[in-house]
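First comes the structure, then the notes that go with it.
Numbering (this note's numbering), first residue to last: 521 to 610.
Shown next as structure tokens:
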């Protein structure tokens, strides 16, 4: 029948989705080994309320791509060099 290939493909797709769901569940239940991943133990932080001029100066002098904005040790957000430049050259 002309519809047989369509029905077969749909069945294959369903089994593929089922396999992907099982594979994701398997991966999510296992711990991640972070020993070989480079994680910065002391990322650059800015205090909430730091002036845009000072942020731009620090990004330029230190060659930063992004910095974390904190308030009393609590993460408030992340700012990138693209956002800093767009604020200057709006």
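For each residue, glycine too, the CB sits at the ideal point set by N, CA and C.
Boundaries of the alpha helix (DSSP H) in which residue i is found, first to last residue
i, result
"residue 570", "Element bounds for residue 570: n/a, residue is neither H nor E."
Distance between residue j and residue i (C-alpha atoms, nearest Å)
i, j, result
"residue 540", "residue 552", "19 Å"
"residue 586", "residue 550", "30 Å"
"residue 603", "residue 548", "33 Å"
"residue 584", "residue 597", "16 Å"
"residue 599", "residue 605", "11 Å"
"residue 554", "residue 574", "34 Å"
"residue 559", "residue 590", "19 Å"
"residue 557", "residue 546", "21 Å"
C-beta contact flag for residue i and residue j at 9 Å
i, j, result
"residue 595", "residue 588", "yes"
Best match in the options for proximity to residue i [C-alpha to C-alpha]
i, options, result
"residue 593", "562, 554 and 609", "562"
"residue 609", "599, 576 and 598", "576"
"residue 601", "554, 591 and 581", "581"
"residue 607", "560, 590 and 571", "571"
Answer yes if the stretch 559 to 575 comes into contact with the stretch 541 to 549, meaning at least three C-beta pairs across the two stretches below 8 Å, and no otherwise. At 8 Å Cβ cutoff, the stretches do not touch.
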